Amino acid sequence: MSKKIGVIVFPGSNCDHDAYHAMKHVMNAETKFLWHKDSDLSDIDLLIVPGGFSYGDYLRSGAIARFSPIMNSVIDYAKKGNPVLGICNGFQILLESGLLPGAMLHNEKLRFVCKNVNIRVESTQSLFTSSMKKGQVINIPVSHGEGNYFIDDEGLQKLEENDQIAFRYCDGNGNLTEESNFNGSVSAIAGITNKGGNVLGMMPHPERAMEKVLGSDDGKLFFESVLGRLQIA
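Going by my numbering, the sequence shown opens with residue 1, and the numbers climb by one from there.
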């Protein structure tokens, strides 16, 4: 059976077509949309939970989408060791579903932020970062109002011990500064993985940095890494 990449579409998703374009037309990988009421993930090799405002974020970002029918299948899929990438709202949904630890708060200055930022690679142990170098600085867009990642001290220690912190916000030279941590995230965290390294949640948008004409193609690094490991591109 032909294997492919699945991009979930929730009511309110607005980065689903960006993710589809990135995978289908830039990475040349077979890609299909998955409606939030679907349940069959048997032909999917990589699952993307895209950004947007699922269900309008009316209750709390990701809190309603977490109960969409497809999420039971997503949880089972991830627990079997299959790769899942949650981007922005997708990260929030993965947190709400319990696939990743922690929670999202409103940005520290209570403002929606949409700009290019720098993130530093903290771990190369996951499917999504295995082709990167620790300390590598990547330029990539963010677009969120609730990206202030929070976890308690005990949880943060576990993330550190298990090498689950994938990326931190930094300046252009890789330094962690107060200014670069624009949303106030604990320990400047921009992305984390589960213990198995097959689930990654990140607030920055790699699918929006796939072509130099858009200002950066650093986003390709994420997909070259995971698709290379899966050998589906």
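We put the CB at the ideal spot given by N, CA and C, even for glycine.
Note that the structure is predicted; figures quoted are calculated from it, not measured.
So which of Gly-174, Ile-151, Ile-5 and Asp-38 has the shortest CA-CA distance to Thr-31?
As a first step, residue 31 must be located in the sequence shown, where it is residue number 31. Looking at the Cα atoms, Ile-5 is the closest of the given residues.
Could you check what DSSP says for Lys-224 in three-state terms: helix, strand or coil?
Here the question's residue 224 lines up with position 224 in the sequence shown. Note that residue 224 is Glu in the sequence shown, not Lys. It is helical.
Which partner residues does Arg-120 have in the DSSP bridge list?
Numbered from its first residue, the sequence shown carries residue 120 at position 120. Val-137 and Arg-168.
Report the three-state DSSP secondary structure of Asp-45 (helix, strand or coil).
Counting from 1 along the sequence shown, the entry for residue 45 is found at position 45. Strand.
Could you check what DSSP says for Gly-147 in three-state terms: helix, strand or coil?
On the sequence shown, position 147 is the one that residue 147 refers to. Looking at Gly-147 - three-state DSSP - the assignment turns out to be coil, as it is neither helix nor strand.
Does the distance from the C-beta atom of Leu-100 to that of Asn-194 stay below 8 angstroms?
For the purposes of this step, residue 100 is taken as the residue at position 100 of the sequence shown. For the purposes of this step, residue 194 is taken as the residue at position 194 of the sequence shown. In this structure, Asn-194 lies closer than 8 angstroms to Leu-100 by Cβ.
Glu-211 (DSSP reduced to helix, strand or coil):
Walking along the sequence shown from the start, residue 211 turns up at place 211. In this structure, Glu-211 counts as strand in the three-state DSSP scheme.
Beta-carbon proximity list for Ser-2, same chain, < 6 angstroms, skipping 5 on both sides:
Against the sequence shown, residue 2 aligns to sequence position 2. Since pLDDT at Ser-2 reaches only 49, below the 50 mark, its modelled position is unreliable, and the value read off the structure follows with that caveat. The answer is none, since no qualifying residue turns up.
Tell me the DSSP secondary structure of Phe-33 in three-state form.
By 1-based counting over the sequence shown, the position of residue 33 is 33. DSSP places Phe-33 in strand when its eight states are reduced to three.
Among Val-117, Glu-224 and Gly-56, the one whose alpha carbon lies nearest that of Gly-174
Locating residue 174 in the sequence shown gives position 174, where the first residue counts as 1. Checked all of Val-117, Glu-224 and Gly-56; the closest Cα to Gly-174 is Val-117.
Starting from the Cα of Glu-179, find the closest Cα among Leu-47, Ile-93, Ala-22 and Glu-108 and give me that residue.
As a position in the sequence shown, residue 179 is number 179, starting the count at 1. Measuring from the Cα of Glu-179, the nearest candidate turns out to be Glu-108.
Beta carbon of Val-84 nearer than 8 angstroms to that of Val-49:
In the sequence shown, counting from the first residue as 1, residue 84 sits at position 84. In the sequence shown, counting from the first residue as 1, residue 49 sits at position 49. A contact, by the Cβ cut-off of 8 angstroms.
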